[in-house]
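In mature numbering (1 follows the signal peptide of the UniProt record, and there is no 0), the protein residues as written are -20 to -1, 1 to 620.
Using N, Cα and C, we set each Cβ at its ideal position, and we do this for glycine too.
Encoded as structure tokens, the structure appears first; notes follow it.
Following this line, the structure appears as structure tokens:
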């Protein structure tokens, strides 16, 4: 009897250990490669219907699934009625349930009627062998707050109660923290209250019930940073039985230091503003992708697996325009060379690949590009990806770019004017610590930047400090809530206050700047001063810092990336950002400088250039190629 009990004990112990190990493996193998799929925004803005979405999903299955594209994502405002008067920041046109949660517009999503939400759409997508995703905004909708809906407690199925009373939307909605570029749409909730967390969990619980596999969370990152809400969401998805890809958007003003605060909470996060089909948008991604690769942020620990810096969707094929009320009507404006450059950079940087064009009008050249097998292989399986500085061009003039030397053919790129700019950054970096306060007279105070970029005799940059604006009883409550915060004015007027970020959504080519705008009661215009010399935004928790910038913000010259592949392959990409053809070269002896230590014994390389199809055979001393304007070259090298 004792022997049988002992055997049973060991059997149960072994089962428990195996189950625990398998559970750990399952929880850490999510998003092991950059996620890949299709998103509706670039082609439909917010207006897509159920029929249009499922048509696109079917074509993703037919044409792209074999290339690793598995997520089909409906982007924002799927709950907004598509009627006269509705637009991206309209108020009063959204469909919400009795608990203040967004539900699909039944006019565009007929299968959502009778409380079914996206359940039927998710089932259809899953039956195709694909995964279903949705876009969500920060916090709670203004419409729910205005209606003062009760909050659902998912543990009881009833209204949330705490401290002997029921809680409502107005108890948790933070009107002073409305999304700055969609003020009529959504605002933060008080995540420090049980009711605020209960509301957010009720949202995520509903999405899980619908069968959602991918959540794109907007207006919580970049200069809209809300770490508290990201943490609440991440905690819910981590506890959820079925794995969810958790994505953050947009990434205006993001730096590697800022991303390190959230990367382990998510699976992908945007590192730029919105990318559209302009050459300036494409080139704006070179510096930021270089910085994240240098910081070794690619494929680091994430939510139940890995996380990936996201360069944004691919605006290729048949598109619409940002912020409009209609679907696709035009072709991508990028040339074929520019499209190849974009896809090659996205692949070499190992960014998630989310195609944005209308699949129903997908041309052959775009299909061949977004499903190119070499690009797919690099994006999924390459390693040690980084910018490679050891290249030269046909010119002899060098321009410096953050310590890396590049060569350009044009002297016009040299004499660029410089100016000083005020931007947001992580409060943890040393460049944020440069502010001090000083008294001007007995009644006024200034906040000043200590560091001079020019003459040591130059007067410091100063802003006048003022109290929180208030008048009504509601505003007095706001003033008490932010009693240690203040407004900042220019020297000449108190009508315009310093705003931490602009009140519109920026594209990737636009520089996010701290600027002045008419004063109002919003945390985007409230600041706090810390003893360590940082000036912190009450809206995002980021800090203001002064930067020296060059007048010409459009990158020029040449760039290169390198990475290691499977079976001893080496991938080498050349990029020509100039406006004319440029010969780009690398000495084979310099190639080793960009490779991991284990490749240090390479003696010779042979290779092929992918876009031209030329076999270069054994490359002896120098690898050179003429690259057309805005174009690129991509080599697959096999070295011994």
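Secondary structure of residue 586 (DSSP, three-state): strand. For the stretch 227 to 286, the full-length alpha helix (DSSP H) segments reaching 4 residues or more read 236 to 239, 259 to 263 and 265 to 274 along the chain.
Out of 85, 276 and 117, the CA that lies nearest to the CA of residue 228 is found in 117. For residue 41, DSSP assigns no beta-bridge partner whatsoever.
Residue 480 and residue 238 have their alpha carbons spaced roughly 16 Å apart.
For residue 620, the closest of 231, 22, 598 and 540 by C-alpha to C-alpha distance is 598. Segment contact: the stretch 273 to 281 against the stretch 231 to 250, three or more CB-CB distances shorter than 8 Å; contact assigned. Under the DSSP assignment, residue 595 falls in the beta strand (DSSP E) whose first and last residues are 595 to 599. When C-alpha distances from residue 358 are compared across 541, 586, 42 and 62, the shortest belongs to 541. DSSP places residue 370 in the coil class of the three-state scheme, outside both helix and strand.
Under the three-state reduction of DSSP output, residue 220 falls in the coil class, being neither helix nor strand. The three-state reading of DSSP puts residue 431 in coil, since its state is none of H, G, I, E or B.
Under the three-state reduction of DSSP, residue 412 is assigned to helix.
Counting C-beta pairs closer than 8 Å gives three or more between the stretch 16 to 30 and the stretch 55 to 69, which meets the contact rule.
Residue nearest to residue 323 within the set 307, 276, 352 and 302 is 352 (criterion: CA-CA distance). Contact check for residue 290 and residue 250: beta-carbon distance about 5 Å, within the 8 Å limit, so the pair qualifies.
Boundaries around residue 100 are those of the alpha helix (DSSP H), 99 to 107, since no beta strand (DSSP E) includes it.
Looking at the backbone, the Cα of residue 581 and that of residue 372 are separated by about 24 Å. In this chain, the beta strand (DSSP E) harbouring residue 549 covers 549 to 556. Two segments are said to touch when three or more pairs of C-beta atoms, one from each, lie closer than 8 Å; by this definition the stretch 84 to 91 does not touch the stretch 7 to 21. Annotated three-state conformation of residue 417 is strand, per DSSP.
The beta-carbon separation of residue 538 and residue 604, rounded to 12 Å, does not stay under the 8 Å limit for a contact.
Within the model, the alpha-carbon separation for residue 215 versus residue 169 is close to 16 Å. Residue 211 sits in a helix when the DSSP states are folded into three classes. Rounded to whole angstroms, the separation of the alpha carbons of residue 409 and residue 440 is 21 Å. Counting only runs that start and end inside the stretch 160 to 202, the beta strand (DSSP E) elements of at least 3 residues fall at 166 to 169 and 194 to 198. Counting C-beta pairs closer than 8 Å gives fewer than three between the stretch 182 to 200 and the stretch 146 to 156, which falls short of the contact rule. Of the residues 235, 173 and 299, the one whose Cα lies closest to the Cα of residue 258 is 299. Sequence-distant partners of residue 192 (beyond 5 residues in either direction) whose C-beta falls short of 8 Å from its own C-beta, in its chain, are 98, 102, 112, 113, 114 and 224.
Contact check for residue 267 against residue 492 fails: the beta carbons are separated by 8 Å or more. Runs of the alpha helix (DSSP H) lying entirely within the stretch 57 to 138 and spanning at least 4 residues, in chain order: 99 to 107 and 122 to 127. Apart from the 5 residues on each side of it in sequence, residue 234 sits with its Cβ closer than 6 Å to the Cβ of 202 and 251 in its chain, given in chain order. As the crow flies, the alpha-carbon of residue 560 is around 27 Å from that of residue 344. Taken atom to atom, the span from the alpha-carbon of residue 525 to that of residue 404 is near 6 Å. When C-beta atoms of the stretch 60 to 69 are compared with those of the stretch 121 to 129, fewer than three pairs fall below 8 Å, so the two segments do not count as touching.
Within the DSSP bridge table, the entry for residue 158 names 167 as partners.
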